[in-house]
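So in our numbering, spot 127 of the sequence shown is number 130, and the numbers just go up one at a time. Okay, so here's the structure we're looking at.
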Amino acid sequence: MKNVLYSNEVNTTLKTFIEGGDYNLVMVLVDNNTRQLVLPHIACLSNAHVIEMPSGDEGKNIDSLMSVWRQMEHCGATRRSLLVNLGGGVVTDLGGLAAATFKRGIHFVNVPTTLLAAVDASVGGKTGINFMGLKNEIGVFAHPQQVIVSTCFFNTLPQQEIKSGFAEVLKHAMLSSHEEMMTLLEMDINSVDWRLFLDKLQASVEVKLKIVDEDPTEQGLRKSLNLGHTVGHAFESMALAKGKPVPHGYAVAWGLVVETVLSHMKLHFPSDDLYSLARFVVDCYGPFHFTCDDYDELISLMRHDKKSTNHEINCSLLKKCGDVVINYNIDLNDIKAAFDIYRDLMGV
Ligand code: GLY
């Protein structure tokens, strides 16, 4: 995919893109965080029409989408107008859907401002909103004309937000090679020089892009990007239901450990790599606490995962880093055994 640029000169890169298109109007979609903290630093957007949406996942809904369409109508947008999505994954997901549907589709550019959005949400063409309590239930595949991936906004992100995005970086490394995974596990995530991290971020995004190029609409190989997510989503949903929500990437990190245990049990994933991963995850994210009384609830959540077919539990597992098996059907006793081992490894 050639429409992803990696640059910490965001203003210059975006200005070049805008000037190269024949747009009659430029709009920028922000939330209240990026309106205050990021937009003032992007000079080429100083005359853009600002469209604002609520921040956070609660605002990723049909009301916000209608409000964005309304604001686009009010500022006179046409099919030759451009929408720049400046924000995290909620902004790029909702903005992508707004642009893809307005007048049957206008051009849009994603400028992700969080690590999670840069490495995952803003690239690959998925757009969407939550609907009737279901995450990303309504959406389309639509590719932005340009994505500008940069690390220059990360210095001001809360550490929790950084760690959340880092789990997806870790997932891409595990889909890539043992060496890539070990390089990340040896990093001190509390003192990263973000300017220098741009190369690593590029390598990570390109793991995803290579997969998406082969399977843009998730018929097969793209399901490998679900590594860590079958269990991770169940942790996330259970924590939310108990009134103690956890960040998405934390749930993915814990899910990666359980699914790597399953990979070891079923496909002989190397135990040394499993131990290294578990040590890193417990040090960086702490453990996710649950007991054997929670197993049935977690299994039920996994059965009802949007990506499961016939209520069977299918995971993406690894024979080793870089060697993925998709649609691996998991037996309930194996899941329970993997939960036991996870709790042992994490000391809970
Ligand atoms: N977040 C996984 C994907 O884009 O397919």
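The beta carbon of each residue, even a glycine, is placed where N, CA and C say it ideally should be.
Margin query: Please state the DSSP three-state secondary structure of H232.
Written below: Three-state result, H232: helix.
Item checked: Residue from F111, D123, T116, I141 whose Cα sits closest to the Cα of D66 -> It is I141.
Margin query: Are there any heavy atoms of the ligand GLY lying less than 6 angstroms away from the beta-carbon of K310, as far as the coordinates show?
Written below: Not so, every heavy atom of the ligand GLY lies at least 6 angstroms from the Cβ.
Notebook entry, point to check: K129: beta carbon under 6 angstroms from a heavy atom of the ligand GLY?
Noted result: Taking 6 angstroms as the cut-off, the C-beta of K129 counts as close to a heavy atom of the ligand GLY.
Notebook entry, point to check: For C324, is the classification buried or exposed, using 16 other Cβ atoms within 10 angstroms of its Cβ as the cut-off for buried?
Noted result: It is buried - the Cβ of C324 has at least 16 other Cβ atoms within 10 Å.
Note to self: Can you confirm whether the stretch 205-215 touches the stretch 166-176 when touching is taken to mean that 3 or more C-beta pairs between the two stretches lie within less than 8 angstroms?
What the structure shows: Verdict: yes, contact present.
Item checked: Cut-off 7 angstroms between Cβ atoms - residues of its own chain near H267, not counting five sequence neighbours on either side -> These residues qualify, in order along the chain: S274, L277.
Note to self: Using 7 angstroms as the threshold, is the C-beta distance between S319 and G252 below it?
What the structure shows: For S319 and G252, no; Cβs fall outside 7 angstroms.
Item checked: Ordered list of beta strand (DSSP E) runs contained in the stretch 46-97, each at least 3 residues -> Listed in chain order, the complete beta strand (DSSP E) runs (minimum 3 residues) inside the stretch 46-97 are 52-55, 84-90.
Next item on the list: Decide yes or no for the touch test of the stretch 86-98 against the stretch 52-63: beta carbon pairs closer than 8 angstroms, at least 3 of them.
Entry: The stretch 52-63 and the stretch 86-98 touch, with three or more beta-carbon pairs separated by less than 8 angstroms.
Next item on the list: Would you mind sorting P115 into buried or exposed? The rule is 16 or more other CB atoms within 10 Å of its CB.
Entry: Per the 10 Å Cβ criterion, buried.
Notebook entry, point to check: With a cut-off of 8 angstroms, do at least 3 Cβ pairs link the stretch 184-195 to the stretch 133-148?
Noted result: Below 8 angstroms, too few C-beta pairs join the stretch 184-195 and the stretch 133-148 to call them touching: fewer than three.
Note to self: Judging by CA-CA distance, which residue of A101, F293, T81, Q162 is the nearest neighbour of L119?
What the structure shows: L119 has its Cα closest to that of Q162, out of A101, F293, T81, Q162.
Checklist line | Of the listed residues I329, I316, I21, M305, nearest to I151 (C-alpha basis) | finding: When each option's Cα is compared against that of I151, the closest is I21.
Check: Do you know how far the Cα of A80 is from the Cα of R107?
Finding: In a straight line, the C-alpha of R107 is about 13 angstroms away from that of A80.
Check: Considering only C-alpha positions, which residue in the set A237, T159, H110 is nearest to Q148?
Finding: Closest in C-alpha terms to Q148, from the list A237, T159, H110, comes H110.
Notebook entry, point to check: Does the Cβ of R225 lie closer than 6 angstroms to at least one heavy atom of the ligand COA?
Noted result: The ligand COA is not part of the structure shown, which contains the ligand GLY as its ligands.
Checklist line | Rounded C-alpha distance that separates K226 from L86 | finding: Roughly 29 angstroms between the two C-alpha positions.
Next item on the list: Label S303 either buried or exposed according to how many other C-beta atoms from any shown protein chain fall within 10 Å of its C-beta, with 16 as the threshold for buried.
Entry: By the 10 Å Cβ count, S303 comes out exposed.
Check: Cα-Cα, which of N14, I329, V215, F134 is closest to N64?
Finding: If you compare the alpha carbons of N14, I329, V215, F134 with that of N64, the shortest gap goes to F134.
Item checked: Any chain B beta carbon closer than 7 angstroms to L301 -> As a matter of chain content, chain B is missing from the structure shown, which is built from one protein chain.
Item checked: 7 angstroms Cβ shell around W72 - same chain, five flanking residues per side excluded -> Here the set comprises A101, F105.
Note to self: Per DSSP, what are the beta-bridge partners of L320 in this structure?
What the structure shows: In DSSP, L320 forms a bridge with V328.
Check: Can you name the start and end residues of the beta strand (DSSP E) that E140 belongs to?
Finding: Run containing E140: 137-141, per the beta strand (DSSP E) assignment.
Notebook entry, point to check: Should D60 be counted as a contact of the ligand GLY given a C-beta to heavy atom distance under 6 angstroms?
Noted result: Every heavy atom of the ligand GLY is 6 angstroms or more from the Cβ of D60, so no.
Checklist line | Own chain, CB closer than 6 angstroms to T37, minus 5 neighbours either side, in chain order | finding: Short of 6 angstroms from the beta carbon of T37, and not among the five residues preceding or following it, lie these beta carbons of its own chain, in chain order: L89, G90, T116.
Margin query: Considering only their Cβ atoms, is the gap separating R83 from N6 smaller than 7 angstroms?
Written below: No.
Check: What whole-angstrom Cβ distance do V215 and Y345 have, given they're in contact under 8 angstroms?
Finding: With a beta-carbon spacing of about 30 angstroms, V215 and Y345 fall beyond the 8 angstroms limit used to define contacts.
Margin query: Spatial neighbours of M75 within its chain, please: C-beta separation below 6 angstroms, excluding the five flanking residues on both sides.
Written below: Residues F105 of the same chain have their beta carbon placed closer than 6 angstroms to that of M75, with the five preceding and five following residues left out of the count.
Margin query: Do T220 and F144 count as a contact pair if the criterion is CB distance below 7 angstroms?
Written below: For F144 and T220, yes; Cβs fall inside 7 angstroms.
Note to self: Shorter than 6 angstroms, the distance from the beta carbon of L228 to the closest heavy atom of the ligand GLY, or not?
What the structure shows: Yes, the ligand GLY has a heavy atom inside 6 angstroms of this Cβ.
Next item on the list: Could you tell me whether the Cβ atoms of L42 and V33 are closer together than 7 angstroms?
Entry: L42 is a Cβ neighbour of V33, given a cutoff of 7 angstroms.
Notebook entry, point to check: Which ranges does the alpha helix (DSSP H) cover as unbroken runs of at least 4 residues, wholly within the stretch 122-184, from first to last along the chain?
Noted result: For the stretch 122-184, whole alpha helix (DSSP H) runs of length 4 or above, ordered along the chain, are 162-179.
Check: Below 8 angstroms, can you find three or more Cβ-Cβ pairs linking the stretch 287-301 to the stretch 197-204?
Finding: The stretch 287-301 vs the stretch 197-204: no contact.
Next item on the list: Taking only the alpha-carbon atoms, compute the straight-line gap between W257 and V328 and give it to the nearest angstrom.
Entry: The alpha-carbon of W257 is positioned some 19 angstroms away from that of V328.
Next item on the list: Using only the heavy atoms of the ligand GLY, determine whether one of them is closer than 6 angstroms to the beta carbon of D96.
Entry: Checking the Cβ of D96 against the ligand GLY gives no.
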